[in-house]
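Engineer: Structure provided below as structure tokens; questions to follow.
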Ligand code: ADP
Ligand code: MG
């Protein structure tokens with residue numbers, strides 16, 4: 001379980017203090033699939049980096065399985081529990097061969113070579129990239145590179161996987177592959193924290209946190225968040241296409257209130 005209590009994060013810059021997080025409170029339970037959305041600069045990446053102690057609170061607390069991330073003694077166990085995948089696949093690749101890249105984190109853990117090989121093979125299988133294990137990462141597509149980055153986290157066997165806009169630089173096909181992989185990892189029991197600016201992706205999560213100016217502005221199920229079309233628009237967000245279309249069609253047709261998906265809209269229109 002991850003618990004964030006009254007978290008503030010202030011960046012010190014040459015031009016003064018920048019308040020990036022301003023009193024964030026949230027709880028994420030084991031096995032949950034959480035999406036975090038928010039406009040640019042709202043603090044999503046800063047928050048993400050607190051989940052595995054890449055950043056530490058200016059004030060407030062972050063607990064991972066009860067371990068206070070501010071306590072240096074806990075760093076190791078926090079990092080063992082929470083893996084991170086970032087937006088830019090190129091900045092995450094560290095080795096010249098795919099399998100070495102996936103093994104990188106494990107080598108640092110001091111795991112026996114044959115065990116490492118086993119874990120790397122399993123991880124590459126689960127992201128469907130075993131055929132590429134001797135490739136140079138530079139020869140791969142953006143989506144394939146992200147799958148390699150995710151394999152690296154899978155190999156570490158962390159309970160929690162935080163993904164910070166992993167699909168932002170991918171084409172639609174690559175995006176679909178990453179999302180379906182993330183959903184598979186969730187069904188296998190991983191806790192998923194998925195930051196995205198694609199509302200269709202966020203609507204696949206169990207719960208959505210909406211960030212603005214360093215605060216959590218709203219939280220709820222995707223249905224609670226996204227079928228409130230007028231409010232989301234007012235806040236400057238898109239909503240999934242089906243929810244928006246349903247809202248417009250309501251001006252002419254009598255439709256149920258909480259339509260979220262294309263299937264639900266099609267069914268309502270048939271009736
Ligand atoms: P998001 O991921 O939602 O776009 P960020 O967490 O990256 O937001 O940034 C939140 C705020 O903190 C922004 O105003 C951003 O400019 C600022 N910020 C982020 N990183 C730094 C940094 N290293 N130094 C100074 N300010 C930063
Ligand atoms: Mg960001």
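In the working numbering, the protein residues as written are 1 to 271. Just so you know, even glycine gets a beta-carbon here, dropped at the ideal spot from N, CA and C.
1. For residue 146, tell me which candidate among 79, 85, 110, 112 has the shortest Cα-Cα distance.
2. Comparing alpha-carbon positions, which option in 91, 26, 114, 121 lies nearest residue 102?
3. Which partner residues does residue 8 have in the DSSP bridge list?
4. So what does DSSP say about residue 30, is it helix, strand or coil?
5. What are the boundary residues of the beta strand (DSSP E) that residue 239 is part of?
6. Out of 6, 30, 257, point me to the one whose CA is closest to residue 21's CA.
7. Looking at the structure shown, is residue 15 part of a helix, part of a strand, or coil, going by DSSP?
8. The ligand ADP and residue 285: does any heavy atom of the ligand fall closer than 8 Å to the residue's C-beta?
9. Residue 201: buried (16+ other C-beta within 10 angstroms of its C-beta) or exposed?
10. Which residues in the same chain as residue 74 place their Cβ atom closer than 7 Å to its Cβ, once the five residues preceding and following it in sequence are excluded?
11. In the structure shown, what three-state DSSP assignment does residue 79 receive?
12. Would you give the residue range spanned by the alpha helix (DSSP H) that residue 180 belongs to?
13. Going by DSSP in three states, residue 135 sits in which element: helix, strand or coil?
Structural biologist: Considering the structure as presented:
1. Of 79, 85, 110, 112, the residue nearest in Cα terms is 85.
2. The candidate whose alpha carbon is nearest that of residue 102 is 121.
3. Residue 8 pairs with 22, 59.
4. Three-state DSSP puts residue 30 in coil, outside helix and strand.
5. Element bounds for residue 239: n/a, residue is neither H nor E.
6. Restricting attention to 6, 30, 257, the CA atom closest to the CA of residue 21 is found in 6.
7. Here residue 15 sits in coil by DSSP.
8. Beyond the ends of the chain as shown, which are 1 and 271, falls residue 285; an answer cannot be given.
9. Residue 201 should be labelled buried.
10. For residue 74, where only same-chain residues beyond five positions count, the Cβ hits under 7 Å are 67, 68.
11. It is helical.
12. Secondary structure note for residue 180: its alpha helix (DSSP H) is the uninterrupted segment 172 to 187.
13. Under the three-state reduction of DSSP, residue 135 is assigned to coil, being neither helix nor strand.
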